[in-house]
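See structure below.
Residue numbers (this note's numbering): 24 to 121.
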């Protein structure tokens, strides 16, 4: 009976050791993934800034091409912005007259 108890205890100790090793491995993996998240968030932030810069450059380029060509090509961005501002003015006027 003592031998049986000893072998059961040994199996429990081995299983506990395996669980501890797995736990350590998983904690390391979590740390790696958290580091990767930080890196990806920083990269995303930098790419968003770059995207914004490229959009601004594109708008400036399109405006320059429109001005340079001297033709009455339609600037849809400006037209949309003007239409948006007119709608906003109309809403304000409705609120003031109410």
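Every residue gets a Cβ at the ideal spot worked out from N, C-alpha and C, and that includes glycine.
Small disclaimer: the values here were computed from a predicted structure and weren't measured.
Residue i versus the options, residue with shortest Cα-Cα distance
i, options, result
"residue 82", "72, 73, 100 and 71", "100"
Residue i to residue j span [Cα, whole Å]
i, j, result
"residue 108", "residue 60", "40 Å"
"residue 73", "residue 66", "10 Å"
"residue 62", "residue 77", "22 Å"
"residue 102", "residue 48", "58 Å"
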